[in-house]
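Mapping of the sequence shown onto the working numbering: residues 8 to 163, in sequence order. Quick reminder that beta carbons are idealized off the backbone N, C-alpha and C, glycines included. What follows is a set of notes on a single structure, which appears directly below.
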Amino acid sequence: MKTQNIICAALCALALCSTGCKKTLADAAAKRGVDFGFAASTGDILTESVQKILAAESKILVAENCMKSSLLRPNKTFCNWSDPESLVKFAEKNKITAKWHTLFWHEMNPPFINQMKSREEAQAIMDDHIATVMRKFKGRIRDYDVVNEMFNEDGS
8 MKTQNIICAA LCALALCSTG CKKTLADAAA KRGVDFGFAA STGDILTESV
58 QKILAAESKI LVAENCMKSS LLRPNKTFCN WSDPESLVKF AEKNKITAKW
108 HTLFWHEMNP PFINQMKSRE EAQAIMDDHI ATVMRKFKGR IRDYDVVNEM
158 FNEDGS
């Protein structure tokens, strides 16, 4: 899916360029009040061709998975900042807005969260996680998705 989106964006960019238009996809979207961008992994930004497309065509960058709590915080005391930091630095270098996706998602929570014994214990670790991330990236992230898909399909 990720590769298809990048290829689609690249083809759109080529189509725009071949018509003599110098505007980017981000420019076209901005005229309608929309920030155009991509979801990317740290591996994506290691590829020069992808770097060029992201830098030229996007105004917002969202991490695919590295910002999700299971990868960022595999246990209560350790945070792996390397991948989120790489994506944010890439965005900053290229004047792209960074968006944090997502602090909590039921599909990618670290095992210790599901082992909490009480609501209070879970709330404390969630509060700490939110505060830790926001302190680390203060002023560098414009938007945060705090909880993704918090309701069951039946609405409960």
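Less than 8 Å separating the beta-carbons of residue i and residue j?
{"i": "F44", "j": "I67", "result": "In the sequence as presented, Phe is not what sits at residue 44; that position holds Gly. Yes, they are a contact pair."}
{"i": "F111", "j": "S77", "result": "no"}
{"i": "K106", "j": "D150", "result": "yes"}
{"i": "L94", "j": "I52", "result": "yes"}
{"i": "D42", "j": "H108", "result": "no"}
{"i": "N143", "j": "W88", "result": "Checking the sequence, you will find Lys at residue 143 rather than Asn. Going by C-beta atoms, K143 is nearer than 8 Å to W88."}
{"i": "I120", "j": "I132", "result": "yes"}
Report the three-state DSSP secondary structure of residue i (helix, strand or coil).
{"i": "F85", "result": "coil"}
{"i": "F111", "result": "strand"}
{"i": "D90", "result": "helix"}
{"i": "D51", "result": "helix"}
{"i": "K29", "result": "coil"}
Can you give me the start and stop residues for the beta strand (DSSP E) that residue i sits inside?
{"i": "T139", "result": "Element bounds for T139: not the beta strand (DSSP E) but the alpha helix (DSSP H), 126-143."}
{"i": "D42", "result": "Careful: D42 lies outside any beta strand (DSSP E) and carries neither H nor E."}
{"i": "I67", "result": "67-70"}
{"i": "N101", "result": "That residue, N101, is in no beta strand (DSSP E); it is neither H nor E in DSSP."}
{"i": "N121", "result": "Premise fails: N121 lies in the alpha helix (DSSP H), 118-121, not in any beta strand (DSSP E)."}
{"i": "N155", "result": "150-155"}
Go through its chain and collect everything with a Cβ distance to residue i's Cβ below 7 Å, but skip five positions before and after it.
{"i": "N116", "result": "S76, S77"}
Compare the C-beta of residue i against all C-beta atoms of chain C and say whether one is closer than 8 Å.
{"i": "E160", "result": "Of the protein chains in the structure, only one exists, and it is not chain C."}
Which first and last residues belong to the alpha helix (DSSP H) in which residue i is found?
{"i": "D34", "result": "32-37"}
{"i": "K59", "result": "55-64"}
{"i": "S77", "result": "76-79"}
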